[in-house]
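Quick notes on the structure that follows.
2 protein chains.
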Amino acid sequence: MSVDLPVLELSPKTKRPAGERCCEPVVYPDVQREQALRMAEVAKALGDPIRLQLVDVLRKHAGKVCVCELVPLFDIAQPTLSHHLKKLRDAGIVDSERQGLWAYYYVLPAALNELSAWLS
Amino acid sequence: MSVDLPVLELSPKTKRPAGERCCEPVVYPDVQREQALRMAEVAKALGDPIRLQLVDVLRKHAGKVCVCELVPLFDIAQPTLSHHLKKLRDAGIVDSERQGLWAYYYVLPAALNELSAWLS
DNA sequence: TTATTACATTGACATCTGTCTTTTCAATAG
DNA sequence: CTATTGAAAAGACAGATGTCAATGTAATAA
């Protein structure tokens with residue numbers, strides 16, 4: 009993953025075959041480093057079909073969902089699901105609570121707002 | 009990447025400490041396999057900050073942008089940029105046209121619609 | 001023709017990812 | 001206490017990813 013993302017600056021080309029323009033200069037990018045890093049992190053976490061469906065289930069379900077209910081939804085082993093949930097947690101998309109033996113996951117809706125707004 | 013994503017089905021647990029419910033049954037997921045695969049593919053392509061900024065520049069710029077204008081915006085070598093553009097092309101997010109020596113890239117806005125709607 | 005330019009492709013490399021099995025850990029059951 | 005259960009963590013492993021240098025290719029310039 010790129011971590012050294014620079015602030016973008018337009019440096020017009022100079023060497024160019026006589027008289028011909030390459031293209032109109034691009035607009036100065038609205039999405040700056042930090043925002044791009046944040047949104048790409050969220051997009052990356054959603055970039056796996058199982059994780060995307062996990063988020064979908066958690067979003068559609070009002071409240072918190074037990075891992076024991078999520079496991080049978082997917083054809084993957086329990087530790088693999090746990091791994092995906094951790095990725096979503098690390099990206100700030102979901103959080104979890106322990107209650108006795110069970111772990112309940114829920115979406116942090118604000119985590120998707122920035123990416124959602126940018127995509128709209 | 010998971011390619012064998014099943015249609016999700018809720019199979020209620022049976023083994024459970026006496027009398028205690030794990031949680032409310034989750035809703036049947038609205039996002040099915042194919043849709044999840046498509047949206048995850050798009051999200052994955054956006055899951056790199058350079059690619060996300062590339063898409064941002066191309067979206068904000070009305071029209072088609074020459075690669076020669078994109079290269080100086082980023083601190084990466086030209087083949088690396090070419091690689092990222094190919095990823096975006098493979099995901100159906102952008103397309104390109106050749107005109108003489110130059111290659112012009114542009115966003116296919118419809119490619120983002122499904123993910124955008126799901127996130128909203 | 002020969003040189004140069006714009007971009008893509010190839011090959012190499014270290015790192016990351018998704019998956020599984022095995023193990024660990026905390027909480028509950030008996 | 002010990003056994004069991006739900007979930008996370010550790011370790012292994014094949015495959016993917018991001019990067020760059022070098023090379024390839026097609027078009028233009030001289």
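Going line by line, the protein sequences match chains A and B. In our numbering, each residue's number is its place in the first sequence (first place is 1) plus 8. In our numbering, each residue's number is its place in the second sequence (first place is 1) plus 8. Ideal Cβ placement from N, Cα and C applies to all residues, glycine included.
The beta carbon of residue 58 (chain B) lies closer than 7 Å to those of 82, 84 and 92 in the same chain, with the five residues before and after it left out.
The alpha-carbon separation between residue 123 (chain A) and residue 97 (chain A) amounts to approximately 17 Å.
Between the region 38–50 of chain B and the region 54–74 of chain A, the count of C-beta pairs closer than 8 Å reaches three or more; the two stretches touch.
Unbroken beta strand (DSSP E) runs of no fewer than 3 residues, entirely contained in the region 102–127 of chain B, are found at 102–107 and 110–115, following chain order. Here residue 103 (chain A) has 97, 114 and 116 as same chain residues with Cβ atoms under 7 Å from its own Cβ, once five neighbours each way along the sequence are excluded. When Cβ-Cβ separations below 8 Å define contact, residue 124 (chain B) makes contact with chain A. Contact note: residue 55 (chain B) reaches chain A through 48, 51, 52 and 55, using a C-beta cutoff of 7 Å and chain order. Straight across, the Cα-Cα distance linking residue 105 (chain A) with residue 111 (chain A) is about 6 Å.
In terms of Cβ geometry, residue 100 (chain A) and residue 119 (chain A) form a close pair [threshold 8 Å]. Any Cβ of chain B closer than 8 Å to the Cβ of residue 118 (chain A) would place that residue at the interface, and such an atom is absent. The bridge partners DSSP lists for residue 76 (chain B) come to none.
The Cβ atoms of residue 71 (chain A) and residue 55 (chain B) do not sit closer than 8 Å to each other. Rounded to whole angstroms, residue 86 (chain A) and residue 74 (chain A) show a C-alpha spacing of 13 Å. For the 8 Å CB-CB criterion, residue 63 (chain A) and residue 78 (chain A) do not form a contact. At least one beta carbon of chain B lies nearer than 8 Å to the beta carbon of residue 61 (chain A). With fewer than 16 other beta carbons inside 10 angstroms of its own, residue 94 (chain B) counts as exposed.
Listed along chain A are 57, 60 and 61, each with a C-beta nearer than 7 Å to that of residue 44 (chain B). Between the alpha carbons of residue 76 (chain B) and residue 80 (chain A) lies a gap of roughly 50 Å. Where residue 98 (chain B) is concerned, the enclosing alpha helix (DSSP H) starts and stops at 86–98. By the neighbour-count criterion, in which a residue is buried when 16 or more other Cβ atoms sit within 10 angstroms of its Cβ, residue 109 (chain B) is exposed.
In the DSSP assignment, residue 61 (chain B) falls within the unbroken alpha helix (DSSP H) covering 57–68.
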